[in-house]
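To start, the structure under review is shown below, and the notes come after it.
In our numbering, the protein residues as written are 1 to 295.
Right, dumping it as structure tokens:
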């Protein structure tokens, strides 16, 4: 009976297993090999050892500029987005009339396809006819050429990233709903104000959700692609170039697939290292309910 059950188990998971081996594990192993070759997609790969990594790390200023741009984007967009999503979730947790409408309103932008939202922001950030600069002009402020100015293009991309905070808001709101009301009642009896209750009850109890948002947000920010590719194409003068768009450019515009594979693995190592640092630090600030922390 166990052998029969085992056979059916493998039959039922075979579609996933085939997909994993052929579409995930296979390409991963292939890309590792490709990172040590010179391959233009048309001729046979030529094994060149670690030359791609040497060039990438010691003789490619654009790569390091893209790394700097990516880290600048991540270091500002992640804390800013998490702060705004926490602030929105706090007020959406209030019991007021019509709150469901506002919850839907704040969540809808996060389900808009990234291509559509990118095209929308191209018009919003236009130098003269963009709605953002027109709104600033009402107050006598001359708006910058957001996507054409090297000094303003990264802030423009960071502004775009705030469009999708709704996903984090939903998770934080769910976390707030799971906080026992008895804690707030006890705090109120002790004379705690709403601000004190937030910092001593709400925020500590939300740290597991904040930790999840931090990890996923960091991985997503370091792999930013569509916004840059569609809105700026890395310009002007590579001031908005980031690692994944640069990888794509090398692979499918310059036909340097081996070099692009090396970029991918360097990025993987960076993301893995930062993720491990965040996980290690979680013991210092993430609060779990008793019993769950030891699981």
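All C-beta atoms in this analysis are idealised placements derived from N, C-alpha and C, irrespective of residue type, glycine included.
Is the separation between the beta-carbon of residue 35 and that of residue 242 shorter than 9 Å?
Cβ atoms of residue 35 and residue 242: not closer than 9 Å.
Counting along the chain, where does the alpha helix (DSSP H) carrying residue 101 start and finish?
Element bounds for residue 101: 99-107.
For residue 56, does the count of other Cβ atoms within 10 angstroms reach 16, so buried, or fall short, so exposed?
When all chains shown are included, residue 56 counts as buried.
When you compare the CB positions of residue 38 and residue 59, do they come within less than 9 Å of one another, or not?
No, the pair does not count as a contact, with Cβ atoms beyond the cut-off.
Can you say whether residue 180 is buried or exposed, counting buried as having 16 or more other CB atoms within 10 angstroms of its CB?
It counts as exposed.
Helix, strand or coil for residue 12 per DSSP?
Here residue 12 sits in helix by DSSP.
Would residue 245 and residue 264 be called neighbours here (beta carbons separated by less than 9 Å)?
No, the Cβ-Cβ distance between residue 245 and residue 264 is not below 9 Å.
What runs of the alpha helix (DSSP H), each 4 residues or longer, lie entirely inside the region 215-256?
Within the region 215-256, the complete alpha helix (DSSP H) runs of at least 4 residues are 243-252.
With respect to the alpha helix (DSSP H) encompassing residue 66, which residues constitute its N-terminal and C-terminal limits?
Run containing residue 66: 61-92, per the alpha helix (DSSP H) assignment.
Pairing CB atoms from the region 186-204 with CB atoms from the region 68-77, are three or more of them under 8 Å?
In short, these stretches do not touch, since the Cβ pair count stays below three.
Check for me: the alpha helix (DSSP H) holding residue 155 runs from which residue to which?
153-161 is the extent of the alpha helix (DSSP H) around residue 155.
Could you tell me the alpha carbon to alpha carbon distance between residue 110 and residue 47, rounded to whole angstroms?
Answer to the nearest angstrom: the Cα atoms are 43 Å apart.
Helix, strand or coil for residue 291, going by three-state DSSP, please let me know.
Confidence is the limiting factor: at residue 291 the pLDDT is only 45, short of 50, which leaves the residue's position unreliable, though a coordinate-based value still follows. Three-state DSSP puts residue 291 in coil, outside helix and strand.
Going by beta carbon distance, what residues of the same chain come within less than 7 Å of residue 282, once the five residues before and after it are set aside?
Excluding residues within five positions, the ones whose Cβ falls inside 7 Å are 211.
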